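Please read the structure below before turning to the comments.
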Ligand SMILES: [Zn+2]
Ligand SMILES: [Zn+2]
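Numbering (full-length UniProt numbering), first residue to last: 1 to 253.
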């Protein structure tokens, strides 16, 4: 339990207990910080809070979403990164009905309140990845080129380190505003990306992509660097193409 300011002032006048008070205050400060710090290695820790999906709805046009009556069921994987005493939420987008409060409960169980979140990152601007951006009142939003907080829109360079070991890189293709994250974890470098939606490395050809050639260029450049891969409608997996050329086919584990 932390001491109130009033109690702390009184203790200053009690020399015999001064040391104990100092220790208690220091313990309180340490407890509140250690919630957000991976103390074991100092590397970033990625936690999947919600696994996304993309599925057809029977009798409706699934792909591409360009017909007037097209409908599909989809949601985005929401994740947490803790590193260097900082907390980042990735892709707080659309989730299945009733799931958002459960995500907030998971954070609360980890001792993280919405106000504690230091940054929110989105991999691109479509609403399926941005629906809950406003849930974290103190967190600047980071995208492929800028940081947004209140009325300030400040630019950042490519390969920008948001928090220690978490770097945002531009990967245009699905849209011009795409980026991915390279995250330095205990298990190696994790590529968090929308360049593939699913863990079977599909879609190979993005049905709603703006620039397939660009998408393929960044896929090839980044995939070989990664030990782990996290497609942002899927979940974290080992990268089957570490130090190899991606074969451009759906992946079967
Ligand atoms: Zn999109
Ligand atoms: Zn998406």
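Every residue, glycine too, gets a C-beta built ideally from N, C-alpha and C.
Here the structure is a predicted model, which is why all the values come from computation and not from measurement.
In three-state DSSP terms, what is residue 131?
Residue 131 falls in the coil class under three-state DSSP.
Restricting to Cα atoms, I'd like to know which of 145, 41 and 201 is closest to residue 171.
Nearest C-alpha to residue 171: 145.
So residue 231 and residue 196 are supposed to be a Cβ contact under 8 Å. How far apart are they, rounded?
About 5 Å; that satisfies the 8 Å criterion.
Go ahead and pull the three-state DSSP assignment for residue 100.
Here residue 100 sits in helix by DSSP.
Is the stretch 168–187 close to the stretch 133–141, with three or more CB pairs under 8 Å?
They do not touch, by the three-pair rule.
So which of 118, 62 and 102 has the shortest CA-CA distance to residue 86?
It is 118 whose Cα lies nearest to the Cα of residue 86.
Which residues are close to ligand 1, meaning CB closer than 6 Å to any heavy atom, in chain order?
The filter returns 124, 126 and 174, in chain order.
Are the beta-carbon atoms belonging to residue 178 and residue 129 less than 8 Å from one another?
In this structure, residue 129 does not lie closer than 8 Å to residue 178 by Cβ.
Kindly give me the distance between the Cβ atoms of residue 88 and residue 147, rounded to whole angstroms, as I take these residues to be in contact under 8 Å.
Not really, about 12 Å apart at Cβ, beyond 8 Å.
Where residue 199 and residue 207 are concerned, what is the direct C-alpha to C-alpha distance, given to the nearest angstrom?
Their Cα atoms are separated by approximately 17 Å.
According to DSSP, simplified to helix, strand and coil, what is residue 164?
Coil at residue 164, not helix or strand.
Taking contact to mean 3 or more Cβ pairs, one atom from each stretch, closer than 8 Å, check whether the stretch 92–101 and the stretch 64–72 are in contact.
Touching, no, given that fewer than three Cβ pairs across the two stretches are closer than 8 Å.
Please list the terminal residues of the continuous beta strand (DSSP E) segment that includes residue 180.
Note, residue 180: beta strand (DSSP E), 179–185.
Pop quiz: residue 81 and residue 44 are said to be a contact at Cβ under 8 Å. What is the actual Cβ separation, rounded to whole angstroms?
Indeed they touch by this definition, with Cβ atoms about 5 Å apart.
Since residue 214 is in the alpha helix (DSSP H), which residue starts that stretch and which ends it?
First-last of the alpha helix (DSSP H) with residue 214: 212–223.
Residue 46 and residue 185 - do their beta-carbons sit closer together than 8 Å?
Contact: yes.
Quick one: grab the DSSP three-state call for residue 150.
The answer is coil: DSSP assigns residue 150 none of H, G, I, E or B.
Output the distance between the C-alpha atoms of residue 242 and residue 225, rounded to the nearest integer angstrom.
About 6 Å.
Report the three-state DSSP secondary structure of residue 43 (helix, strand or coil).
In this structure, residue 43 counts as coil in the three-state DSSP scheme.
Going by beta-carbon coordinates alone, are residue 152 and residue 190 separated by less than 8 Å?
No; because the gap between Cβ atoms is not below 8 Å, this pair is not in contact.
Leaving out the 5 sequence neighbours to the left and right, which residues in its chain are closer than 7 Å to residue 50 when beta-carbon positions are compared?
Cβ neighbours of residue 50 beyond the five flanking positions: 77, 78, 95, 99 and 103.
Can you give the Cα-Cα distance for residue 136 and residue 182, rounded to whole angstroms?
Answer to the nearest angstrom: the Cα atoms are 23 Å apart.
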